[in-house]
Structure formats: C-alpha cells, structure tokens
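What follows is a single structure, written as structure tokens, with notes after it.
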Amino acid sequence: MAKTAIAYKEKMKEISVFSLICSCLYPETRKNLMGDFEDLDIKPINKRASGQSFEIILKPTSPVSDNAHCITTPPKRDISLEDIQKKLEAAEDRRKSQEAQVLQALAEKREHERDVLMKAMEENSNFSRMAEEKLQVKMEQIEENRQAYMAAIMDRLQEKERHAQEVRRNKELREEVTA
11 MAKTAIAYKE
21 KMKEISVFSL
31 ICSCLYPETR
41 KNLMGDFEDL
51 DIKPINKRAS
61 GQSFEIILKP
71 TSPVSDNAHC
81 ITTPPKRDIS
91 LEDIQKKLEA
101 AEDRRKSQEA
111 QVLQALAEKR
121 EHERDVLMKA
131 MEENSNFSRM
141 AEEKLQVKME
151 QIEENRQAYM
161 AAIMDRLQEK
171 ERHAQEVRRN
181 KELREEVTA
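Written out as structure tokens, the structure is:
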C-alpha cells in the first residue's frame with residue numbers, strides 16, 4: 011500500500027512538471043495547474059475492497075500569500091428590458107424552429123408511411139391480379155384437358171360400339187351360314 015502511495019505521489023509530481031512545461035507555452039495556465047501548491051500529501055485509505063483509494067492534500071506555498079486565492083466572480087452587467095425581450099424573442103424563435111422541425115419530421119414520417127402503404131397495396135393488387143390470371147389460365151387448361159379426355163373416352167366408346175356391332179353382324183352371318 012505504501013509503494014502505491016509513493017508511486018501515486020511521484021505521478022502527481024510528474025503532472026506538476028507537465029504543468030511547468032505547459033507554462034512555458036501558456037504562462038497563464040501555470041497559476042491554474044497546481045502551481046500554487048508546493049507540497050503534496052497523499053494518504054492511502056483502506057475503505058474499498060475492490061481497489062485502493064487515496065486522499066490527496068494540496069498545501070499552499072505559504073499561509074500568507076501575495077496572491078489572493080479567492081476566486082472573484084465576474085462583475086454582473088446590468089440587464090435591460092430590451093435585452094430580456096431580445097432573449098425571449100430568440101428563445102421563442104428557437105422554440106418555433108424546433109417545433110417546425112418536429113412537425114416536418116412527422117410529416118416526412120407520415121409521407122413515408124403513406125408511400126409504404128401505397129406500395130404494399132400496389133404489390134397486393136398485382137399479386138391478386140397475377141394469381142387470378144394464373145388461376146384463370148389453369149382453369150382453362152383443366153377445362154381443355156377435361157374436354158379432350160371426354161372426347162377420347164367418347165371415341166373409345168364409339169369404337170367399342172362399332173366393334174360390338176361388327177361382332178354381332180359377324181355372329182349373325184355365321185348363324186345364317188351355319189343354319
């Protein structure tokens with residue numbers, strides 16, 4: 011635990027060195043990045059079972075400093091009625107613009123839904139028409155096959171009838187010849 015605290019302290023010192031390097035490029039950031047803290051105290055805390063935690067205490071360079079460490083708030087500027095009205099109008103314009111965008115998106119979504127429905131209806135009607143045409147062709151073919159089959163049966167029946175008449179005639183002729 012002590013080794014990790016020392017390593018963490020070294021890492022924090024490296025960050026200070028990094029901020030020193032950055033202060034060469036940006037002198038105003040040196041004051042913001044730990045430049046006011048001379049000593050760093052790291053205390054390990056054994057409160058976590060899943061890992062380690064540390065308490066970092068940054069000590070200022072001296073109790074009495076030349077620089078005031080308090081952060082000053084920017085001075086408030088006077089807001090006039092015109093400024094408030096302009097801001098309200100801008101907010102209303104933004105609200106109307108956002109509302110128009112939402113309405114436009116809804117209109118586009120409805121148009122898309124309408125297009126999809128029209129396409130589905132068209133495909134459905136095309137499918138129905140094609141199925142009906144196929145069924146009609148199939149029914150016509152079945153009717154033609156049935157008529158051809160019936161004609162073939164009638165031809166065979168007539169052929170049998172002719173053959174039967176011929177056999178009867180031959181039988182009668184034989185009976186006449188033998189009698």
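Using the numbering used here, the first residue of the sequence shown is number 11, and each one after it goes up by one.
Quick reminder that beta carbons are idealized off the backbone N, C-alpha and C, glycines included.
Three-state class that DSSP yields for residue i in the structure shown
i     : result
Ile55 : strand
Ser63 : strand
Residue i vs residue j beta-carbon contact at 8 Å
i     : j     : result
Ile63 : Ile52 : It should be pointed out that residue 63 corresponds to Ser in this sequence rather than to Ile. For Ser63 and Ile52, no; Cβs fall outside 8 Å.
Residue burial classification, residue i (beta-carbon count within 10 angstroms, cutoff 16)
i      : result
Gln108 : exposed
Leu183 : exposed
Contacting residues, own chain, Cβ-Cβ under 7 Å from residue i (five flanking each side not counted)
i      : result
Met131 : none
Ala78  : Because Ala78 carries a pLDDT of 48, less than 50, the predicted location of this residue cannot be relied on, and the following value inherits that uncertainty. Here the set comprises nothing.
Cβ-based neighbour list, residue i, same chain, cut-off 6 Å, excluding 5 preceding and 5 following
i      : result
Glu142 : none
Lys170 : none
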